[in-house]
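Everything in the sequence shown is counted per the numbering used here, starting at 2 for the first residue and increasing by one.
For each residue, glycine too, the CB sits at the ideal point set by N, CA and C.
All figures in this text were calculated on a predicted structure; none of them were measured in a lab.
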Amino acid sequence: MSNFFTDDTSSIPEVDSSPEVEEASPATPTPVAPSSRTFDSAGVNVVVIDPDEFARKRILAQMGDDVSSFAGPEELIPFLNGEPIVLILGPSCAADDSLSNIEQLLHKHREIGAILVVEELTTNLLQQALRSGVKDVLAAPVDGGQLTEAIARVTPGLATPAAATPDDLPVFESDGDVAHVVTVFSTKGGAGKSVIATNLGVALAQRSEKPVCLVDADLQFGDIAVMLKLAPQHTIVDAVSSLDRLDPSLIQSLLITHESSGLKILPAPLEPAFADQIGAAEMVQIIEVLKSFCSYVIVDTPAYFNDVVLGMIEISDDVLLVAGMDIPNIKNVKIGLQTLRLLNTPMEKLRLVLNRANSKVKLDVTEVERTLQMSADILVPSDIVVPQSVNRGVPVVQSSKRSGVAKAIEEMADIFCPEGASTRRSRR
Ligand SMILES: Nc1ncnc2c1ncn2[C@@H]1O[C@H](COP(=O)(O)OP(=O)(O)O)[C@@H](O)[C@H]1O
Ligand SMILES: [Mg+2]
Numbered sequence: 002m003s004n005f006f007t008d009d010t011s012s013i014p015e016v017d018s019s020p021e022v023e024e025a026s027p028a029t030p031t032p033v034a035p036s037s038r039t040f041d042s043a044g045v046n047v048v049v050i051d052p053d054e055f056a057r058k059r060i061l062a063q064m065g066d067d068v069s070s071f072a073g074p075e076e077l078i079p080f081l082n083g084e085p086i087v088l089i090l091g092p093s094c095a096a097d098d099s100l101s102n103i104e105q106l107l108h109k110h111r112e113i114g115a116i117l118v119v120e121e122l123t124t125n126l127l128q129q130a131l132r133s134g135v136k137d138v139l140a141a142p143v144d145g146g147q148l149t150e151a152i153a154r155v156t157p158g159l160a161t162p163a164a165a166t167p168d169d170l171p172v173f174e175s176d177g178d179v180a181h182v183v184t185v186f187s188t189k190g191g192a193g194k195s196v197i198a199t200n201l202g203v204a205l206a207q208r209s210e211k212p213v214c215l216v217d218a219d220l221q222f223g224d225i226a227v228m229l230k231l232a233p234q235h236t237i238v239d240a241v242s243s244l245d246r247l248d249p250s251l252i253q254s255l256l257i258t259h260e261s262s263g264l265k266i267l268p269a270p271l272e273p274a275f276a277d278q279i280g281a282a283e284m285v286q287i288i289e290v291l292k293s294f295c296s297y298v299i300v301d302t303p304a305y306f307n308d309v310v311l312g313m314i315e316i317s318d319d320v321l322l323v324a325g326m327d328i329p330n331i332k333n334v335k336i337g338l339q340t341l342r343l344l345n346t347p348m349e350k351l352r353l354v355l356n357r358a359n360s361k362v363k364l365d366v367t368e369v370e371r372t373l374q375m376s377a378d379i380l381v382p383s384d385i386v387v388p389q390s391v392n393r394g395v396p397v398v399q400s401s402k403r404s405g406v407a408k409a410i411e412e413m414a415d416i417f418c419p420e421g422a423s424t425r426r427s428r429r
């Protein structure tokens, strides 16, 4: 097995910050001049963790004196202050019990990222480490340059302390009324959920005085932010990591605003890996906070049932079931409907949206309704303006107001917020 970091122990420099290590390890090499390599931590705090002092010393030797080290993750906890930290885990941390401690820490603290250095990289170990939430695994020997690069890769995904809401942005308080929650769901990918969720969100935001929020609960592959041409600074991951103190003002600081409509968006995690760590209970808590100050909360979902989707359907007032007009779509929606019935979902909150519904597709709406034993609430035609609008990042209800698709979406918005009954929102 290769030696950790380098097989040539004579090149290991002395580390002033841990003189006791010299006494602790009989294998400590003869001190030599410090490494001339410069270590750049990209401005993030870096902490080395390994129960074995000798292993810690070897990592520190590659990084410079200003990097702290601890024997275990529990020793780090008193020093956590919400600022991003990258942990460099030494080879002893690859043991099962150490990894499960690390997993708990990473699950609780989204501001912490971890890189594991192992003596021998196996597929098993890599899988195990990634499942525990470790972001990168490096095989020894590694040097300061490799560590710098790994730290730079990990840092952008770390949660930062929630930015304070700027003074010029109004913070909406609860007025006692709670929002109407609408989940957009389909058991088929590409059915048009995200297109419908974004356009409905924008249409409602343009009608509503109070904020309207669109939550991207397609946690692995959510693309609401892309569809609205937004570059989010915060995502659901930040909301989950602040869950114990989440209130209307904190969550408002995490939402990104679609300026031209006023729609607020809580984007999906930027990396699919985070999805596993977010459960229904956390999502429900987030929606409850949003409900307290919004008029509508629209939830976009992935194309399958998971506990988050079931949680969202359960707390929704309405569920828009989107079906494309082709046989596989209808088959999957039929299966989805059966599942929802088995789960005792009240059928009265389901509304069927037939997307790409026009005569050219050679599938008769009445036939589809008969198959699904449900009548369609809204028919959205197929139109080239949809992919065009997706690619431009401008929703159809704004870019092609007179199209059949925009009219169908406005009709959908009428169900929840009749135009006459609302005050058009002033630009905020
Ligand atoms: N009514 C429509 N007419 C034409 N194209 C559509 C229509 N609805 C959706 N699309 C196209 O299908 C693609 C997939 O839609 P999307 O909303 O991302 O599906 P989902 O979220 O269900 O996976 C979109 O990029 C869009 O170009
Ligand atoms: Mg989608």
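Here DSSP, grouped into helix, strand and coil, assigns Val155 to helix. Per DSSP, reduced to three states, the secondary structure at Ser383 is coil, with no helix or strand assignment. Just measuring C-alpha positions, the residue of Gln147, Val387 and Ser296 sitting nearest Arg208 is Ser296. The C-beta distance from Asn356 to Ala198 rounds to 12 angstroms, too long to meet the 8 angstroms contact threshold. Taken atom to atom, the span from the alpha-carbon of Val362 to that of Gln129 is near 47 angstroms. Annotation: Val310 to Phe80 spans about 36 angstroms, alpha carbon to alpha carbon.
Those residues placing their Cβ nearer than 5 angstroms to any heavy atom of ligand 2 are, following chain order, Lys194 and Ser195.
Annotation for Glu412: Ile379 place their beta carbon closer than 8 angstroms to its own, counting only its chain and skipping 5 residues before and after. Under DSSP, Lys265 shares a beta bridge with Cys214 and Thr258.
In its chain, beyond the 5 residues on either side, Val196, Val397 and Val406 have a beta carbon closer than 7 angstroms to the beta carbon of Val387. Glu112 places its beta carbon less than 8 angstroms from that of Ala160. Non-local C-beta neighbours of Asp318 in its own chain, meaning closer than 6 angstroms and more than five positions away in sequence, comprise His181 and Val182, ordered along the chain. Counting only residues of its own chain and dropping the five nearest sequence neighbours on each side, Phe71 has a CB closer than 6 angstroms to the CB of Ile50 and Leu77. Fewer than three beta-carbon pairs drawn from the stretch 257-265 and the stretch 138-147 are found closer than 8 angstroms, and the two stretches are therefore not classed as touching. By the Cβ-count criterion, Asp301 is buried, with 16 or more other Cβ atoms from all chains shown falling within 10 Å of its own Cβ. Per DSSP, Val290 is one residue of the alpha helix (DSSP H) stretching across Ala281 to Lys292.
Val241 and Ala282 have their alpha carbons spaced roughly 10 angstroms apart.
When DSSP states are grouped into helix, strand and coil, Thr199 belongs to the helix group.
Within the DSSP bridge table, the entry for Gly114 names Val87 as partners. Taking Pro249 as reference, the option from Leu117, Ile288 and Glu121 with the minimal CA-CA separation is Ile288. For Leu122, the closest alpha carbon among the candidates Leu139, Ser404, Cys214 and Gly134 is that of Leu139. The closest CA to that of Ala95, considering only Asp217, Pro85 and Leu117, is found on Leu117. Bridge partners of His181 according to DSSP: Tyr297.
Relative to the non-hydrogen atoms of ligand 1, the Cβ of Val406 comes within a distance shorter than 7 angstroms of at least one. Within its own chain, the residues whose Cβ lies closer than 8 angstroms to the Cβ of Ser101, once the five positions on either side in sequence are excluded, are Ser133, listed in chain order.
With distances taken between CA atoms, Asp53 lies nearest to Ser99 out of Ile86, Met64, Ser99 and Arg352.
Residue state for Phe222 is assigned as coil, using DSSP reduced to three classes.
The beta carbon of Thr340 sits closer than 7 angstroms to the beta carbons of Phe306 from its chain, once the five residues preceding and following it are set aside; these are given in chain order. For the set Val395, Val391, Ile299 and Ala274, the Cα lying nearest the Cα of Val285 is the one of Ile299.
Not a single heavy atom of ligand 1 lies less than 7 angstroms from the C-beta of Gly280.
DSSP places Leu148 within a helical segment (H, G or I) once states are collapsed to three.
Cβ neighbours of Gly73 within its own chain (closer than 8 angstroms, five residues either side excluded): Ile50, Pro52, Ser99 and Asn102.
Rounded to whole angstroms, the gap between the alpha carbons of Leu321 and Leu244 is 28 angstroms.
If you look at Ile331, you'll find it isn't in any beta strand (DSSP E); it sits in the alpha helix (DSSP H) that goes Ile328 to Leu343.
Assigned with DSSP and collapsed to three states, Asp98 falls in helix. In this structure, the C-beta of Asp384 approaches ligand 1 to less than 7 angstroms from one of its heavy atoms.
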